[in-house]
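One structure below.
Protein chains: 2
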Amino acid sequence: MPQTRTGAPTISDVAKAAGVGRATAARTLGGYGYVSPQMQAKVLEAAEDLGYRTNALARSMSTGVTHTLGVIVADVGNSFFSGVLRGIADTARMHSIDTLVISTDESREKEISAINALINKRVDGIIISTAARTLAAAEHIAQARDQGIPVILVDRALPGLGLDEVVIDNRAAARDAIRCLIQAGHRRIAFVWGPPTLSRPTLRRELVDAASDNLFTESERLEGYLDALDDEGIPFDPSLIMTSEKTSEHAREEMLRMFDSPAAPTAVFCTESDAVIGALRAIRERGLRIPEDISLIGFDDNPWAEVMNPPLSMIAQPMHELGVQAARRLLTRIENTATAPERITLSTELICRDSVKSIGSRP
Amino acid sequence: MPQTRTGAPTISDVAKAAGVGRATAARTLGGYGYVSPQMQAKVLEAAEDLGYRTNALARSMSTGVTHTLGVIVADVGNSFFSGVLRGIADTARMHSIDTLVISTDESREKEISAINALINKRVDGIIISTAARTLAAAEHIAQARDQGIPVILVDRALPGLGLDEVVIDNRAAARDAIRCLIQAGHRRIAFVWGPPTLSRPTLRRELVDAASDNLFTESERLEGYLDALDDEGIPFDPSLIMTSEKTSEHAREEMLRMFDSPAAPTAVFCTESDAVIGALRAIRERGLRIPEDISLIGFDDNPWAEVMNPPLSMIAQPMHELGVQAARRLLTRIENTATAPERITLSTELICRDSVKSIGSRP
DNA sequence: CTGTTAGCGCGTTCAG
DNA sequence: CTGAACGCGCTAACAG
């Protein structure tokens with residue numbers, strides 16, 4: 002029978018039952034220090050039939066290690082983040098450390114409260130895909146870092162914080178996709194979802210400014226789009242950029258607007274899979290066919306992209322690997338806190354299927 | 002300057018800095034007991050510029066509450082589970098409690114080790130979608146329950162454990178879908194994925210036996226399929242049941258096999274979205290059209306189902322709500338440990354779109 | 001190799 | 001209303 006109020010047998014209960022000192026019991030149960038095989042057996046047996054479970058809280062109190070790490074993302078329900086999470090949790094679990102997950106919906110308050118909760122719970126480290134776009138807005142992250150908690154930025158970098166970052170090359174990914182479209186003869190390419198702005202930007206500068214104040218991933222993708230246009234000397238048309246709120250419903254609406262314009266796009270580039278969904282809805286509503294009437298390339302090669310009619314050309318992001326690398330980096334950072342922070346950039350792959358048609362307006 | 006080795010300022014540091022007793026500091030910082038506004042102010046200020054963060058571990062040690070709950074599922078990377086998780090985490094976070102997530106890949110060992118980790122970390126409760134199909138195989142769950150940790154079963158029930166269960170009506174969902182197909186005139190309906198068996202069952206009994214030893218959800222779905230067949234007096238054909246390992250690749254292979262058989266199915270029912278992906282691949286490979294050549298209904302109404310050509314008829318599961326209900330139930334269970342366990346059954350919705358064609362072989 | 005003792009940081013009596 | 005003292009369960013020096 003357990004003696005404590007909480008009901009759980011403690012290490013002293015075991016020691017008593019085994020007829021040895023606490024420390025001996027603690028040593029064998031904790032797996033440290035020396036203890037004779039005979040005593041060990043006695044302790045183990047006593048522990049067994051008392052149903053002893055080591056109290057991780059108490060252990061953490063004295064060791065200062067919780068074997069728990071925190072993960073903060075916008076939405077664990079999202080396929081991208083849940084893929085990353087899986088990668089993180091898998092590699093963490095291999096080292097028998099658990100994962101605390103918090104979704105923020107890109108809300109600053111939620112992110113701050115998440116960080117605080119994790120700090121208070123004394124997690125061994127934090128992996129975060131922050132909604133902050135500026136150093137000033139990332140004070141809570143700097144705080145965690147200053148508390149001595151290792152922090153890894155995943156998917157969204159934020160230079161200047163002096164933290165390790167694990168990201169993909171968003172700019173190159175977007176550039177390659179747009180190039181693929183341009184090479185197929187397209188010149189009017191819609192960019193479905195860009196930086197949200199209050200009014201539609203007319204100048205390129207306005208747009209770039211808005212983007213630089215936006216999420217790392219989104220602004221990089223826009224830059225890549227612009228890069229490709231520049232390379233081919235194609236003029237930038239602001240009416241082809243979606244700047245409203247990022248929901249698949251808004252993506253649909255903006256696409257509809259573009260289709261109804263005299264200078265409608267002949268191709269669409271979507272920066273996220275929800276954007277693809279929205280674009281696809283609009284395309285169907287207007288009775289357009291892919292790729293005959295409109296070509297499409299999107300981000301995130303989910304399994305369904307391949308079974309669409311026609312199969313969609315997509316940019317595959319290594320979600321799981323992103324998580325694995327972030328977790329690895331965190332683990333080594335926990336050991337060795339003193340090396341210089343670095344950025345790990347994973348590459349994407351443009352999976353060419355049948356959603357892009359050559360419209361042969363090229364020499 | 003912090004005095005402890007861990008670097009973090011403690012409540013006594015604050016007390017000292019504020020020139021008051023520990024208890025006074027503890028009371029204001031912990032938000033309990035009485036303390037004069039003036040002292041309170043002094044303490045708060047001292048805490049502020051010392052950068053004090055309450056140590057949740059220490060607090061949990063004395064209160065016995067961790068404000069943390071554990072979630073165990075097969076795969077957080079899976080869209081169904083990540084949806085459920087989101088529901089759980091959302092409602093938990095509203096009560097400022099965090100969520101520890103562990104994936105098991107349906108492995109018994111991983112599930113056991115997950116439960117142990119959670120018990121040791123003294124989570125306030127556990128929500129699990131267990132891989133165990135029998136009471137005997139669920140001993141680890143019974144153990145957690147006996148340790149006094151509230152446990153809620155989600156998505157997969159296991160009667161006899163005496164635990165609360167939050168599930169959907171799998172049997173009715175499958176039955177309705179099959180009925181819809183039958184009413185459209187179909188009599189040869191493939192069931193893509195059923196209980197894995199070593200050899201293809203020839204008798205209905207064999208199959209049902211295999212199913213009853215399978216996951217709760219899967220066996221219920223098979224029963225629903227059989228129910229509908231029985232209602233209409235349609236004979237059961239074992240060659241239409243997929244009994245190999247559950248991967249989309251195997252789903253594809255089994256579909257291919259069925260298509261090549263003289264008695265090919267005219268409709269397919271898929272019990273999971275990965276099964277749909279596999280079936281869709283096979284359908285394309287054989288050059289079949291939906292719904293002209295083959296009708297299809299699947300589980301899990303993910304956003305992409307609606308933008309397929311044609312839009313797919315799907316069974317929508319309330320994933321988020323499943324999580325919300327499970328979390329709610331857990332929270333009330335944590336308060337009030339003494340009420341009788343109950344099963345909450347959420348209903349699904351058959352979303353009829355264009356993947357089912359009437360083949361009019363009916364009066 | 002083993003037992004004793006002192007923290008870890010906070011909640012919580014119990015006098016004053 | 002305030003402060004001193006003890007306990008939570010475990011690790012870690014330190015003697016023996």
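Residue numbers (my numbering), protein chains in the order written: chain P, 2 to 364; chain E, 2 to 364.
All C-beta atoms, glycine included, are put in the ideal place defined by N, C-alpha and C.
This structure is a prediction, so every number in the text was calculated from the model and none was measured.
- Taken in chain order, the whole beta strand (DSSP E) runs of length 3 or more contained in the stretch 53-79 of chain E are 69-74.
- In the three-state DSSP reduction, residue 88(P) falls in the helix class (H, G or I).
- Sequence-ordered contacts of the stretch 97-113 of chain P with chain E read 99, 100, 101, 102, 103 and 104 [C-beta pairs closer than 7 angstroms].
- Of 285(P), 315(P), 331(P) and 316(P), the smallest CA-CA separation from residue 310(E) is found for 285(P).
- Within its own chain, the residues whose Cβ lies closer than 8 angstroms to the Cβ of residue 329(E), once the five positions on either side in sequence are excluded, are 92, listed in chain order.
- Residue state for residue 99(E) is assigned as strand, using DSSP reduced to three classes.
- Annotated three-state conformation of residue 104(E) is strand, per DSSP.
- Residue 179(P) has its alpha-carbon roughly 10 angstroms from the corresponding atom of residue 233(P).
- By the C-beta criterion, the stretch 311-318 of chain P is judged to be in contact with the stretch 295-302 of chain P, since at least 3 inter-stretch pairs fall below 8 angstroms.
- Assigned with DSSP and collapsed to three states, residue 274(P) falls in helix.
- Taking a C-beta distance under 9 angstroms as the contact criterion, residue 182(P) and residue 270(P) qualify as a contact pair.
- For the set 295(P), 256(P) and 292(P), the Cα lying nearest the Cα of residue 280(P) is the one of 256(P).
- For the set 45(E), 139(E) and 277(E), the Cα lying nearest the Cα of residue 250(E) is the one of 277(E).
- The residue from 37(P), 158(P) and 66(P) with its alpha-carbon nearest to that of residue 343(P) is 158(P).
- Counting of Cβ neighbours within 10 angstroms places residue 184(P) among the exposed residues, the total staying below 16.
- Secondary structure of residue 203(E) (DSSP, three-state): coil.
- Listed as beta-bridge partners of residue 48(E) by DSSP are no residues whatsoever.
- If you check each beta-carbon in the stretch 265-282 of chain P against every beta-carbon of chain E, the ones closer than 7 angstroms belong to 278, 281 and 282.
- Contacts between residue 358(E) and chain P, judged by CB atoms closer than 9 angstroms, are missing: the closest CB pair is about 16 angstroms apart.
- Using a 10 angstroms sphere on the CB of residue 78(P), the tally of other CB atoms reaches 16 or more, which defines it as buried.
- When DSSP states are grouped into helix, strand and coil, residue 126(E) belongs to the strand group.
- Residues of the stretch 113-143 of chain E with a C-beta less than 9 angstroms from any C-beta of chain P: 114, 115, 117, 118, 119, 120, 121, 122 and 123, listed in chain order.
- Straight through space, the alpha carbons of residue 245(P) and residue 149(P) are spaced by roughly 39 angstroms.
- Taking C-beta atoms under 8 angstroms as the contact rule, residue 121(E) and residue 56(P) qualify, at a distance of about 7 angstroms.
- Residue 16(P) holds the alpha-carbon nearest to the alpha-carbon of residue 49(P) among 165(P), 16(P), 326(P) and 75(P).
- A residue is called buried when at least 16 other Cβ atoms come within 10 angstroms of its Cβ; residue 231(P) does not meet this threshold and is exposed.
- Contact of residue 76(P) with chain E is assigned, a C-beta pair being separated by under 9 angstroms.
- Between residue 66(P) and residue 125(P) the beta-carbon gap is near 6 angstroms, inside 8 angstroms, which marks them as a contact.
- At a beta-carbon threshold of 8 angstroms, the residues of chain E lying near residue 90(P) are 77, 102, 103 and 104, ordered along the chain.
- As the crow flies, the alpha-carbon of residue 39(E) is around 32 angstroms from that of residue 62(P).
- According to DSSP, residue pairing for residue 165(P) in a beta bridge involves 153(P).
- Per the coordinates, the alpha-carbon of residue 360(E) lies some 51 angstroms from the alpha-carbon of residue 216(P).
- Beyond the five residues adjoining it in sequence on each side, residue 242(P) comes within less than 6 angstroms, by CB distance, of 192 and 195 in the same chain, given in chain order.
- One Cα belongs to residue 207(P), the other to residue 239(P), and the distance between them is close to 10 angstroms.
- Cβ proximity to chain P below 9 angstroms picks out 52, 54, 55, 56, 57, 58, 59, 60, 61, 62, 65, 67 and 68 from the stretch 44-68 of chain E.
- Contacts between residue 305(E) and chain P, judged by CB atoms closer than 7 angstroms, involve 278 and 305 in chain order.
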